[in-house]
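Asks: Each residue of the sequence shown is one higher than the one before, starting from 1 at the first, in the UniProt record's numbering.
From the three backbone atoms N, C-alpha and C, an ideal C-beta is built for every residue, glycine too.
Provided herewith is a single structure, encoded as structure tokens, for subsequent inquiry.
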Amino acid sequence: MVEARKLEPRDFQFVEILGRGAYGRVAKAVRKETGETFAVKIIEKAHLKKENKARQALIERNILAKLRDHPGTVRLHHTFQDPENLYFVLEYCPNGDLMDLMNSFEGRFPLELARFYSAELTVILDLLHQRGIIHRDLKPENLLLSQDFHLKLSDFGTGKEINPDPDGTEINRERRGTFVGTAEYVSPEVLLDQEVGREADLWALGCIIYQLVNGRPPFQAMNDYLIFEQIKENRVNYPDTMPYDAADLVNKLLVLDPKGRLGAGNPGEANDMDALKSHPFINSIDIANIFTTPIPCDNMPDKARDSSDDELEVQLLNRENKDRGVVMTGLVKKKAGWIYKKRQLTITNQPRILYSDIDNNYKGDVPLSADVRAEIRGDKDFVIITPSRTYFFKEIIGDPQKWVDAVNKFIREHFGRH
1 MVEARKLEPR DFQFVEILGR GAYGRVAKAV RKETGETFAV KIIEKAHLKK ENKARQALIE
61 RNILAKLRDH PGTVRLHHTF QDPENLYFVL EYCPNGDLMD LMNSFEGRFP LELARFYSAE
121 LTVILDLLHQ RGIIHRDLKP ENLLLSQDFH LKLSDFGTGK EINPDPDGTE INRERRGTFV
181 GTAEYVSPEV LLDQEVGREA DLWALGCIIY QLVNGRPPFQ AMNDYLIFEQ IKENRVNYPD
241 TMPYDAADLV NKLLVLDPKG RLGAGNPGEA NDMDALKSHP FINSIDIANI FTTPIPCDNM
301 PDKARDSSDD ELEVQLLNRE NKDRGVVMTG LVKKKAGWIY KKRQLTITNQ PRILYSDIDN
361 NYKGDVPLSA DVRAEIRGDK DFVIITPSRT YFFKEIIGDP QKWVDAVNKF IREHFGRH
């Protein structure tokens with residue numbers, strides 16, 4: 001993570017918003033220098049300060065750094081900051097999340113796929129807990145899907161580091177069940193204001209396995225209060241269609257006493273992690289090689305997540321661009337002779353249309369007048385036509401129509417062309 005030069009927002013072309021949270025957003029972004037795609041988590045400093053959560057952001061960064069070589073979690077590549085935000089540059093998972101995937105199947109989720117993901121999530125949690133980390137907000141939306149549809153645990157914003165003793169027991173457990181998590185997956189000890197440890201993740205594991213097999217969470221109601229009442233009383237209905245071994249595994253995870261859950265025992269005890277990994281519902285899976293084993297499904301959707309229309313403009317993340325009145329900016333390829341070169345194309349309200357290289361070195365302007373217009377010339381190609389010259393461009397990431405519309409609107413507004 002050591003850089004010759006500290007990264008800045010201007011080093012990235014932000015494409016779209018992937019998600020929003022309490023303290024910021026996650027954006028798909030392309031690093032201009034390399035063309036690599038990342039998911040950049042942008043955390044607003046002002047919100048952290050207002051909610052007194054600055055320490056938790058530091059904990060999240062430390063957890064992500066600690067897990068950089070964990071095959072079942074999203075990898076942290078870089079961190080940097082500016083006066084307004086913290087930036088976590090993370091591995092980009094192109095296939096959405098587990099909730100997207102479950103929703104994309106018509107009818108029941110394939111049982112063998114449910115079995116595989118149950119085993120993979122079990123291994124992810126085992127490796128996580130071995131490193132002294134509990135997630136505390138385990139849910140399908142936080143389980144991203146890699147290029148080959150393997151699970152990648154994400155969002156450690158409510159995570160916590162614990163200190164395992166050499167014999168496998170825990171010290172420094174959280175003394176109070178401060179509410180963190182999502183209603184359908186929260187453990188009873190959190191609701192009852194009791195000590196919270198890694199067993200809370202095992203409870204959520206049981207909820208997710210139930211949902212994978214049955215298509216819905218085990219605890220559902222009209223509001224959170226009623227869900228919490230169901231959880232505290234452990235009111236779970238096991239459908240007749242649910243395979244016995246799956247129901248048995250869930251039943252052994254959804255145990256009110258945290259220490260009684262399968263996987264919660266110390267090494268050598270009857271309910272230790274080895275007992276969980278060898279449960280009949282998942283013991284047919286090659287646990288040792290699970291992260292390299294092909295997904296047991298031939299009809300996986302091409303893309304589990306529909307691309308969002310909510311694009312994040314670079315100027316919203318780049319103070320310099322914002323201050324000089326940027327209307328639109330983005331990474332394109334500009335034709336120079338017989339070749340195309342990467343350029344940052346920028347429309348400003350001065351008014352100007354200029355282009356620079358990826359290091360922000362100025363390269364030229366498009367001369368403006370009422371006779372200038374933009375046109376589409378292909379799937380990715382567009383041109384800006386002036387009385388003296390035609391400028392040829394290729395959109396790298398999105399739809400070139402956005403440039404055509406922006407340029408033509410810009411000329412109308414500033415030069416009165418109709």
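Does DSSP put leucine 256 in a helix, in a strand, or in coil?
Replies: In the sequence shown, the residue the question calls residue 256 occupies position 256. Coil at leucine 256, not helix or strand.
Asks: Near aspartate 365, what residues of its chain come up, given a Cβ to Cβ distance below 7 Å and the 5 sequence neighbours on each side ignored?
Replies: Residue numbering aside, residue 365 sits at position 365 when the sequence shown is read from its first letter. Within the same chain, aspartate 365 has close Cβ partners Arg352, Ile353 and Leu354.
Asks: DSSP state of valine 332, grouped into three classes?
Replies: The sequence position of residue 332 within the sequence shown is 332, counting from 1. Strand, per DSSP.
Asks: Between the Cα of proline 140 and the Cα atoms of Asp69, Leu249, Leu125 and Tyr185, which residue gives the shortest distance?
Replies: Indexing the sequence shown from 1 puts residue 140 at position 140. That would be Tyr185, whose Cα lies nearest to the Cα of proline 140.
Asks: At which residues does the alpha helix (DSSP H) containing valine 204 begin and terminate?
Replies: Locating residue 204 in the sequence shown gives position 204, where the first residue counts as 1. Valine is not the amino acid found at residue 204; the sequence shown has alanine there. Residues 199-214.
Asks: Leaving out five residues on either side along the sequence, give the residues of the same chain with a beta carbon under 8 Å from the beta carbon of residue 419.
Replies: No statement about residue 419 is possible, as the shown extent of the chain runs from 1 to 418 and does not include it.
Asks: State yes or no: is the C-beta of valine 236 within less than 8 Å of the C-beta of leucine 256?
Replies: Working through the sequence shown from its first residue, we reach residue 236 at position 236. Working through the sequence shown from its first residue, we reach residue 256 at position 256. No, these two residues do not count as a Cβ contact at 8 Å.
Asks: With which residues is glycine 19 paired in a DSSP beta bridge?
Replies: On the sequence shown, residue 19 is found 19 positions in, with the first residue counted as 1. DSSP, once it has assigned bridges, lists Val26 as partnering glycine 19.
Asks: Taking just the CA atoms, how far does valine 326 sit from aspartate 274?
Replies: Stepping through the sequence shown from its first residue, residue 274 is reached at position 274. Stepping through the sequence shown from its first residue, residue 326 is reached at position 326. Each residue's Cα considered, the two are about 57 Å apart.
Asks: Does serine 369 pass the burial test, meaning 16 or more other C-beta atoms within 10 Å, or should it be called exposed?
Replies: Taking the sequence shown and counting its residues from 1, one reaches residue 369 at position 369. When all chains shown are included, serine 369 counts as exposed.
Asks: What would DSSP say about isoleucine 262, mapped onto helix, strand or coil?
Replies: As a first step, residue 262 is located in the sequence shown; it is residue number 262 there, counting from the start. The sequence shown places leucine at residue 262, rather than the isoleucine named in the question. Leucine 262 falls in the coil class under three-state DSSP.
Asks: How many angstroms separate the CA atom of proline 347 from the CA atom of phenylalanine 382?
Replies: Counted from its first residue, the sequence shown places residue 347 at position 347. Counted from its first residue, the sequence shown places residue 382 at position 382. Per the sequence shown, the amino acid found at residue 347 is isoleucine instead of proline. Each residue's Cα considered, the two are about 15 Å apart.
Asks: Is the Cβ-Cβ distance between isoleucine 285 and arginine 115 less than 8 Å?
Replies: Indexing the sequence shown from 1 puts residue 285 at position 285. Indexing the sequence shown from 1 puts residue 115 at position 115. Result yes, Cβ atoms of isoleucine 285 and arginine 115 sit closer than 8 Å.
Asks: Using only alpha-carbon positions, find the residue among Leu345, Thr390 and Asp379 that is nearest to glycine 337.
Replies: Position 337 of the sequence shown, counted from the first residue, corresponds to residue 337. Looking at the Cα atoms, Thr390 is the closest of the given residues.
Asks: For the putative contact between valine 15 and lysine 28, defined by C-beta atoms under 8 Å, what is the C-beta separation to the nearest angstrom?
Replies: Position 15 of the sequence shown, counted from the first residue, corresponds to residue 15. Position 28 of the sequence shown, counted from the first residue, corresponds to residue 28. That pair is a contact at about 5 Å.
Asks: Using the rule of at least 16 other Cβ atoms within 10 Å of the residue's Cβ for burial, across every protein chain shown, is glutamate 60 buried or exposed?
Replies: In the sequence shown, counting from the first residue as 1, residue 60 sits at position 60. It is buried - the Cβ of glutamate 60 has at least 16 other Cβ atoms within 10 Å.
Asks: If leucine 48 and tyrosine 87 are in contact, beta carbons under 8 Å, what's the gap, nearest whole angstrom?
Replies: In the sequence shown, counting from the first residue as 1, residue 48 sits at position 48. In the sequence shown, counting from the first residue as 1, residue 87 sits at position 87. Wrong, their Cβ atoms sit about 13 Å apart, outside the cutoff.
Asks: Here's a check: name, in chain order, each residue in its chain whose Cβ is nearer than 6 Å to the Cβ of histidine 135, leaving out the five neighbours to either side.
Replies: Here residue 135 refers to the residue found at position 135 when the sequence shown is read from its first residue. Cβ neighbours of histidine 135 beyond the five flanking positions: Gly159 and Asp201.
Asks: So asparagine 62 is in the alpha helix (DSSP H); what residue range does that whole segment cover?
Replies: Position 62 of the sequence shown, counted from the first residue, corresponds to residue 62. Its alpha helix (DSSP H) spans residues 54-66.
Asks: Mapping the DSSP letters down to three states, classify serine 104 as helix, strand or coil.
Replies: Counting from one through the sequence shown, the residue named residue 104 turns up at place 104. Serine 104: helix per DSSP, three-state reduction.
Asks: Strictly by DSSP, which residues pair up with phenylalanine 80?
Replies: Taking the sequence shown and counting its residues from 1, the one referred to as residue 80 is at position 80. DSSP output for phenylalanine 80 lists Tyr87 as bridge partner(s).
Asks: In terms of residues, what are the limits of the alpha helix (DSSP H) holding phenylalanine 356?
Replies: Counted from its first residue, the sequence shown places residue 356 at position 356. In the sequence as displayed, the identity of residue 356 is serine instead of phenylalanine. That residue, serine 356, is in no alpha helix (DSSP H); its beta strand (DSSP E) goes 352-356.
Asks: Excluding sequence positions up to five away, which residues of its chain have a Cβ less than 7 Å from the Cβ of glutamate 413?
Replies: Indexing the sequence shown from 1 puts residue 413 at position 413. There are no such residues.
Asks: Determine the direct distance from the alpha carbon of leucine 98 to that of valine 26, and round the result to whole angstroms.
Replies: Walking along the sequence shown from the start, residue 26 turns up at place 26. Walking along the sequence shown from the start, residue 98 turns up at place 98. Their Cα atoms are separated by approximately 17 Å.
Asks: Please state the DSSP three-state secondary structure of valine 404.
Replies: Walking along the sequence shown from the start, residue 404 turns up at place 404. Here valine 404 sits in helix by DSSP.
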